[in-house]
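**Student:** Structure provided below as structure tokens; questions to follow.
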Amino acid sequence: MTKMADSGSSVEITEGCRLPVLRKNQEHEDEWPLAEILSVKEVSGRKLYYVHYIDFNKRLDEWVTADRLDMKKLQFPKKEAKTPTKNGLPGSRPSSPEREVRKSLELNLQSATAPSRGKTLPTPKRKVETVPLATQVSPATPVPSLPSSAEASQASVFPAVRETNTFKSREDHEQLSSLTTNGTARRLIPSQPGRKRKANCGGTDEMIKVLQYNNPQSASVFLPPPEDSQDSSDGIPTAPRMTGSLVSDRSHDDIVTRMKNIECIELGRHRLKPWYFSPYPQELTALPILYLCEFCLKYLKSLKCLQRHLTKCNLRHPPGNEIYRKGTISFFEIDGRKNKTYSQNLCLLAKCFLDHKTLYYDTDPFLFYVMTEYDSKGFHIVGYFSKEKESTEDYNVACILTLPPYQRRGYGKLLIEFSYELSKVEGKTGTPEKPLSDLGLLSYRSYWSQTILEILMDLKPDNGERPQITINEISEITSVKKEDVISTLQYLNLINYYKGQYILTLSEDIVDGHERAMQKRHLRIDPKCLHFTPKDWSKRGKW
Numbered sequence: 010m011t012k013m014a015d016s017g018s019s020v021e022i023t024e025g026c027r028l029p030v031l032r033k034n035q036e037h038e039d040e041w042p043l044a045e046i047l048s049v050k051e052v053s054g055r056k057l058y059y060v061h062y063i064d065f066n067k068r069l070d071e072w073v074t075a076d077r078l079d080m081k082k083l084q085f086p087k088k089e090a091k092t093p094t095k096n097g098l099p100g101s102r103p104s105s106p107e108r109e110v111r112k113s114l115e116l117n118l119q120s121a122t123a124p125s126r127g128k129t130l131p132t133p134k135r136k137v138e139t140v141p142l143a144t145q146v147s148p149a150t151p152v153p154s155l156p157s158s159a160e161a162s163q164a165s166v167f168p169a170v171r172e173t174n175t176f177k178s179r180e181d182h183e184q185l186s187s188l189t190t191n192g193t194a195r196r197l198i199p200s201q202p203g204r205k206r207k208a209n210c211g212g213t214d215e216m217i218k219v220l221q222y223n224n225p226q227s228a229s230v231f232l233p234p235p236e237d238s239q240d241s242s243d244g245i246p247t248a249p250r251m252t253g254s255l256v257s258d259r260s261h262d263d264i265v266t267r268m269k270n271i272e273c274i275e276l277g278r279h280r281l282k283p284w285y286f287s288p289y290p291q292e293l294t295a296l297p298i299l300y301l302c303e304f305c306l307k308y309l310k311s312l313k314c315l316q317r318h319l320t321k322c323n324l325r326h327p328p329g330n331e332i333y334r335k336g337t338i339s340f341f342e343i344d345g346r347k348n349k350t351y352s353q354n355l356c357l358l359a360k361c362f363l364d365h366k367t368l369y370y371d372t373d374p375f376l377f378y379v380m381t382e383y384d385s386k387g388f389h390i391v392g393y394f395s396k397e398k399e400s401t402e403d404y405n406v407a408c409i410l411t412l413p414p415y416q417r418r419g420y421g422k423l424l425i426e427f428s429y430e431l432s433k434v435e436g437k438t439g440t441p442e443k444p445l446s447d448l449g450l451l452s453y454r455s456y457w458s459q460t461i462l463e464i465l466m467d468l469k470p471d472n473g474e475r476p477q478i479t480i481n482e483i484s485e486i487t488s489v490k491k492e493d494v495i496s497t498l499q500y501l502n503l504i505n506y507y508k509g510q511y512i513l514t515l516s517e518d519i520v521d522g523h524e525r526a527m528q529k530r531h532l533r534i535d536p537k538c539l540h541f542t543p544k545d546w547s548k549r550g551k552w
């Protein structure tokens with residue numbers, strides 16, 4: 010039972026205590042959510058408390074004064090029993106009576122001359138606990154299982170979909186990332202027997218019938234039923250990936266990394282308040298403002314140092330090839346091997362606003378695509394995304410970020426659209442690396458919904474017949490992976506099961522909502538302005 014503090018007595022608040030803390034909500038009203046004390050410090054004789062609001066995003070964590078704490082409902086942390094040591098040596102455990110019994114039993118069984126009917130108890134071994142990424146950050150809404158082909162084919166006139174992993178959840182691919190000694194995450198490759206197809210597989214090239222009613226604003230799409238999808242990726246990871254992944258292994262979190270360490274960042278004409286911890290040098294974390302050169306992203310400790318640096322810095326754009334320009338928007342491709350310093354500085358800046366990714370000091374396996382806005386002073390960074398040069402899991406994005414001053418202006422969708430345009434040029438389908446952040450998930454769901462609805466609404470009748478399209482065709486047109494296409498349709502709650510067929514109904518509300526959203530979407534990628542030649546990174550000479 011949790012102990013409560015006596016309101017009449019003066020108690021010392023320590024790290025780990027929980028209590029309600031006063032804060033303002035979005036409507037600027039007072040509220041008292043439960044918070045955990047992560048750290049306590051004293052400044053000018055006054056105590057400050059760093060609090061994390063339970064069930065709130067970490068970017069809301071802050072330093073508060075004692076007058077914002079509700080001492081009447083103070084909860085002390087529960088004392089955890091420490092693991093005793095054997096012979097005073099850390100890391101070893103004392104022998105338990107059960108272990109001694111097992112050892113003696115094994116010795117007796119081995120020394121016995123006659124075979125015993127009892128079973129030898131195996132020596133207990135320590136198991137390595139693996140935490141699936143699905144438990145760390147909530148990924149996209151899992152795809153619910155659909156009826157099997159045996160149930161669905163009773164009234165179906167279409168052949169069954171034969172791609173066994175079409176409706177497979179992405180969670181099966183999200184295996185544990187292991188933390189290497191240099192603080193970088195290495196993802197393990199899960200065995201994927203589900204990638205093998207049967208000899209008579211026909212893929213998902215089955216026709217989807219689109220019904221046009223008298224009302225042009227309404228349509229239904231019929232999807233053929235799939236076969237039972239087998240969970241094919243429950244194998245144990247076998248080998249480390251040589252390319253790398255930016256997924257964060259949350260098992261290495263501690264109090265230091267849970268707290269913001271940078272108070273403020275000045276980047277060009279903007280001052281940014283970081284959301285999360287970023288491993289900038291320790292001596293810079295005590296500064297009231299950290300100054301960054303907006304062109305090379307070098308960090309400096311004072312405005313004078315920045316001014317002196319700007320007289321020497323010749324860059325007026327990110328170091329790399331400009332592969333896209335339309336109006337004032339440009340994209341630069343940066344090789345993580347050729348421009349290591351810039352790439353590492355970019356990762357340090359991005360880590361201030363990305364909590365679910367880990368910092369990668371070895372940037373060699375990655376390409377960085379930086380979006381900029383041009384004016385008379387140069388090309389100013391707006392956002393970026395990174396991707397692996399070689400991805401074994403068809404990832405076309407590892408990290409993606411729009412800097413806070415440019416958020417809610419359509420730049421996030423522009424970054425996503427650009428990543429899929431690159432996939433189209435490469436002739437591949439792609440998907441972002443999971444898990445996505447809360448803001449990233451909202452942006453991707455919105456982009457997928459608008460892109461797929463745009464295609465379905467543009468379908469025209471053919472010779473009086475209702476138009477038909479396949480899942481594969483939607484995937485090939487958009488370069489969105491089939492699993493993401495299906496999960497988006499299910500997220501929109503458009504799929505219904507009717508007379509042995511899957512029916513996708515586009516109501517007037519959905520159509521009207523889509524048209525209103527597209528009218529607001531002014532920023533679009535023009536493929537004609539893209540000058541990009543994909544490289545075969547499997548050849549090491551390209552590195």
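Just so we're aligned, residue 10 is where the sequence shown starts under the working numbering, counting upward by one. Where a beta carbon is used, it is the ideal one built from N, C-alpha and C, also for glycine. Computed from a predicted structure; not experimentally measured.
#1: Taking the straight line between their C-alpha atoms, what separation do you get for L281 and E272?
#2: Could you tell me which uninterrupted beta strand (DSSP E) segments, each at least 3 residues in length, are contained entirely in the stretch 273-315, listed from first to last along the chain?
#3: From S446, H37, R525 and E399, pick the residue whose C-alpha is nearest to that of P374; which is it?
#4: Does K347 come out as helix, strand or coil in the three-state DSSP assignment?
#5: Measure the alpha-carbon distance for L28 versus L363 and round it to whole angstroms.
#6: Relative to the alpha-carbon of K88, which residue among G421, T23 and K56 has its alpha-carbon at the smallest distance?
#7: Taking L312 as the reference, which of L276, Y285 and A295 has the closest Cα?
#8: Residue range of the beta strand (DSSP E) that Q510 falls in?
#9: Going by DSSP, name the residue or residues bridged to N330.
#10: Alpha carbon to alpha carbon, how far is G439 from P470?
#11: Distance check for R32 and D76, CA to CA, integer angstroms please.
#12: Put K396 into one of helix, strand or coil per three-state DSSP.
#13: For P441, tell me which candidate among L468, L357, G54 and K491 has the shortest Cα-Cα distance.
#14: Tell me the residue span of the alpha helix (DSSP H) that contains D447.
#15: Around the C-beta of P5, are 16 or more other C-beta atoms found within 10 angstroms, so that it is buried, or is it exposed?
#16: Please confirm whether T320 and G345 have their CB atoms less than 8 Å apart.
#17: Across which residues does DSSP place R55 in a beta bridge pair?
#18: Here's a check: name, in chain order, each residue in its chain whose Cβ is nearer than 6 Å to the Cβ of L324, leaving out the five neighbours to either side.
#19: Would you list the one or two residues that DSSP bridges to T411?
#20: Would you be able to state if there are at least three C-beta pairs under 8 Å between the stretch 396-415 and the stretch 511-524?
#21: Do the stretch 431-438 and the stretch 447-466 meet, that is, are 3 or more Cβ pairs less than 8 Å apart?
#22: State buried or exposed for V265, treating a residue as buried only when at least 16 other CB atoms are found within 10 Å of its CB.
#23: Assign G473 to buried or exposed, taking buried as 16 or more other Cβ atoms, counted over all protein chains shown, within 10 Å of its Cβ.
#24: Please tell me whether K366 and S287 are closer than 8 Å, where the distance is taken between their beta carbons.
#25: Please state whether DSSP places T23 in a helix, a strand or coil.
#26: How long is the line joining the alpha carbons of L43 and H61, rounded to whole angstroms?
#27: Looking at P290 and K269, is the spacing between their C-beta atoms short of 8 Å?
#28: Excluding the 5 residues preceding and the 5 following S452 in the sequence, name in chain order all residues of the same chain whose CB lies nearer than 7 Å to its CB.
#29: Tell me the DSSP secondary structure of I504 in three-state form.
#30: Note the first and the last residue of the continuous alpha helix (DSSP H) segment covering E485.
#31: Which class does F377 belong to by DSSP, given the choice of helix, strand or coil?
#32: Assuming L301 and K310 make a contact with CB atoms under 8 Å, what is their CB distance in whole Å?
**Tutor:** Straight from the coordinates:
#1: 9 Å
#2: 274-276, 279-281 and 299-301
#3: E399
#4: coil
#5: 27 Å
#6: If you compare the alpha carbons of G421, T23 and K56 with that of K88, the shortest gap goes to T23.
#7: L276
#8: Q510 to L515
#9: E342
#10: 30 Å
#11: Each residue's alpha carbon lies about 11 Å from the other.
#12: Correct three-state label for K396: strand.
#13: Nearest Cα to P441 within the set L468, L357, G54 and K491: K491.
#14: D447 to D467
#15: There is simply no residue 5 to check, as the chain begins at 10 and stops at 552 in what is shown.
#16: no
#17: V52
#18: F304 and C305
#19: G392
#20: no
#21: These segments do not touch.
#22: Looking at its Cβ environment, which holds fewer than 16 other Cβ atoms inside 10 Å, V265 is exposed.
#23: exposed
#24: no
#25: In the three-state reduction of the DSSP assignment, T23 falls in the coil class.
#26: 9 Å
#27: no
#28: Correct list, in chain order: G421, K422 and I425.
#29: strand
#30: For E485, the enclosing alpha helix (DSSP H) covers residues I480 to T487.
#31: strand
#32: No, L301 and K310 are not in contact; Cβ-Cβ is about 11 Å, not under 8 Å.
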